[in-house]
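According to the numbering used here, the sequence shown is numbered sequentially starting from 6.
All C-beta atoms, glycine included, are put in the ideal place defined by N, C-alpha and C.
All values reported here derive from a predicted model rather than from experimental measurement.
First the structure, in the form of C-alpha cells, and then the observations on it.
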Amino acid sequence: MPLRVFIVPRVGIGPHKLVKVKCSSLLRSKLLQGTVSVTCAFLTSYGTMPTRGTPTRDGKVEAPGERTCRLCWGEEDEGPLVQPCACRGSQKWIHKHCLEKWRRTSPKKDAAYRCGQCMNTYGDALSLELLRARLQAERADGEYTVFTLNRLALELQDQGKYDEAEPLHREALEVSRETLGDRHPNTLGSISNLGALLYAKGDLAAAEPLIREALEGQRETLGNRDLSTLVSINNLGALLWAKGGLAAAEPLFREALEVSRETLGNRHPHTLTSINNLGQLLQAKGDLAAAESLCLEALEVQRQTLGDRHSSTLVSIHNLGALLYAKGDLAAAEPQCREALEGQRQTLGDRHPDTLDSIGNLGLLLMAKGDFAAAEPLLCEVVEALRATLGSGHPNTLASIAKLRRLIIIRRLPGSSTYAFLPYIASCSRRSLYLVSVTLASCSVACFAMICTYISWRFS
Ligand SMILES: [Zn+2]
Ligand SMILES: [Zn+2]
C-alpha cells in the first residue's frame with residue numbers, strides 16, 4: 006500500500022520573521038510507492054482573532070446546544086457554526102459568516118489565511134481570493150511583494166495547484182536573491198520552498214540541487230539545530246527516499262527527529278511530522294513493530310492537540326491504516342482508511358493530494374479484500390483527478406493507471422469471482438503480489454490461471 010511521508014516544519018528566520026515550511030506533496034518511492042509533500046510560508050506578523058477567554062485543549066465534545074460562536078457569542082440558529090482550525094474549548098466554534106467577515110476586514114495581515122490563535126491555515130478558496138487580491142494591489146502600488154508571493158504560492162501548493170504556484174515561488178526567489186543575497190535566511194527559505202514544490206511535482210532532478218543548497222546554507226549560517234535546518238534535513242531525506250535511497254534517508258530522518266525532540270519537545274508539530282516520517286521509513290524497511298509505536302505516538306498527540314479533523318491527524322490516521330494493512334490486518338485497517346478519507350473529503354475536498362492518496366489506498370484495500378466492484382470507482386476517481394491536476398505523465402498518475410489496469414484485468418477474467426484466493430494473495434506477501442501483478446500485466450489468461458493455481462497450492 007502506498008505510504009506517506011509528511012513534513013510539516015516551522016522555521017525561525019531572523020529575530021522578527023518566521024518562516025513556516027509545511028511540506029506536503031506526493032512522491033512515490035520506487036519500492037514502496039511512498040508519498041511525500043513539501044510547502045512553505047513566510048510569516049511576518051501574528052494576528053490574533055478577538056476571543057472570549059482562554060482556549061482550552063480539553064478535547065471535550067459539547068452538545069449542539071452548548072455551541073456558541075467565538076466572535077459574536079451567538080448560537081446555531083443565527084447561522085451555521087464551523088470549526089475552521091485546531092482551536093479547542095470555547096474557541097472551537099465560529100459562525101461561517103462571522104469568520105468570513107473577520108477574514109475580509111481584519112487589519113491583521115495573516116487573518117486572510119490562518120487562525121491567529123492556533124496558527125492553522127484555513128486552506129480554502131477564500132484564502133486564495135484574498136491573497137491574490139493583495140498581490141495585485143501590491144504590484145499596482147509598487148510595494149515589496151515577496152511575503153505575499155510566498156504566502157500565495159504556499160497556499161496554492163497546499164491545495165495541489167502546483168503549476169500556478171511555481172512561477173510565484175520562482176519570482177519570490179529571484180527577488181530574494183537580488184535584494185538579500187544567496188545566503189540570507191529568507192533566500193534560503195525561498196530556495197527550500199521552490200525545491201519542495203518541484204519535489205511535489207515529481208521533478209526530483211530539479212528539486213535535489215535546490216534542497217541541498219538550502220540545507221548547506223542553513224547548516225552554515227543557522228547551525229544544525231535551527232528549525233529551518235531541520236526542515237531541510239527532513240526534505241532531503243524525503244527526496245533521497247523518493248529516489249530509492251532508503252538507507253541514505255534513514256540517518257537524515259533520525260537526525261531530524263532526535264534534534265526536534267531535544268529542541269522542540271515531543272508534542273511540537275514538527276516533531277510529530279518527524280516521528281511520522283521515521284515511522285513510514287521503518288515500515289518501508291519492514292520493521293513494523295517500531296513503525297507502529299511511532300505511528301501511534303504521533304496520532305495520539307495529534308488527536309489531543311490538533312483534534313480529529315486536522316489534516317495532519319488525518320494523515321496519521323491514514324498511516325495507521327496503511328500500517329495495519331501491511332501487517333495483514335485488513336479488518337482493522339479499513340475503518341482507519343475510511344475515517345481518514347471521510348475527514349479529508351469534508352475538510353480538504355475531493356481533489357486534494359491527501360484525499361486522492363486516501364481514495365487510492367482504500368481502493369487497494371478493497372481490492373485486497375476481494376471487493377473489486379467497490380474498488381473500481383475509487384481507482385477510476387483517482388486516475389481522473391490526477392490526470393486533471395498533475396497531468397498524464399506524472400509518476401503518480403502513471404502508478405494510478407497501472408493499479409486500475411490491474412483491477413480491470415482481474416475483473417475481466419472469465420469467472421474471476423471464483424478466484425477466491427486472489428484477495429488472499431494480494432494481501433499475504435509482496436512476492437506473490439508481485440508475481441500476480443506481473444502475470445496480469447503481461448501474460449495470457451491461460452498462463453495467469455496456471456500461476457494462480459500454483460500460488461493457491463503453494464499457500465494453501
Ligand atoms: Zn458569530
Ligand atoms: Zn485556531
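query, result
"Local conformation of Thr-126 per DSSP, three classes", "strand"
"Host alpha helix (DSSP H) of Asp-362 (start-end)", "358-373"
"Anticipated Cβ contact below 8 Å, Leu-371 with Ala-380, distance rounded", "4 Å"
"heavy atom of ligand 1 below 7 Å from Cys-120 C-beta", "no"
"DSSP state of Leu-86 mapped onto helix, strand, coil", "strand"
"Sub-8 Å separation of Ile-216 and Ser-237 beta-carbons", "yes"
"With 16 other Cβ atoms within 10 Å as the buried cut-off, status of Lys-101", "exposed"
"Close beta carbons around Lys-332, own chain, < 6 Å, minus the five adjacent residues each side", "Leu-293"
"Inter-residue Cα distance where the pair is Ser-397 and Arg-356", "15 Å"
"Length of the line joining the Cα atoms of Pro-274 and Gly-186", "30 Å"
"Enclosing alpha helix (DSSP H) for Leu-353 [first to last residue]", "Segment: none, Leu-353 is in no alpha helix (DSSP H) and carries neither H nor E."
"Contacts around Thr-276, its chain only, beta-carbon distance under 8 Å, and the 5 residues preceding and following it disregarded", "Leu-262, Ser-265, Arg-266, Leu-269 and Gly-270"
"Closer than 7 Å: Gly-77 CB and nearest ligand 1 heavy atom", "Correcting the residue type first, residue 77 is Cys in the shown sequence and not Gly. Within the cutoff, so yes."
"Assigned secondary structure, His-100 (DSSP; H/G/I helix, E/B strand, else coil)", "strand"
"Supposed contact pair Leu-286 and Ala-254 - C-beta distance, whole angstroms, cut 8 Å", "6 Å"
"Distance between beta carbons of Ala-117 and Leu-104, contact taken as under 8 Å", "Actually they do not touch by this definition, with Cβ atoms about 11 Å apart."
"Endpoints, alpha helix (DSSP H) assigned at Pro-190", "190-205"
"Residue range of the unbroken alpha helix (DSSP H) whose run includes Trp-246", "232-247"
"Three-state secondary structure (DSSP) of Arg-72", "coil"
"Contact under 8 Å by Cβ, Leu-335 with Ala-373", "yes"
"Between the CA atoms of Cys-120 and Arg-93 - distance to the nearest angstrom", "12 Å"
"Residue range of the unbroken alpha helix (DSSP H) whose run includes Tyr-167", "167-185"
"DSSP three-state assignment for Arg-139, whether helix, strand or coil", "helix"
"Given Leu-131 as reference, the closest of Glu-148, Arg-175, Trp-107 and Cys-123 once Cα atoms are compared", "Trp-107"
"Gly-348 classed as buried or exposed, judged by whether at least 16 other C-beta atoms fall within 10 angstroms", "buried"
"Among Glu-386, Thr-394 and Gln-351, the one whose alpha carbon lies nearest that of Asp-129", "Gln-351"
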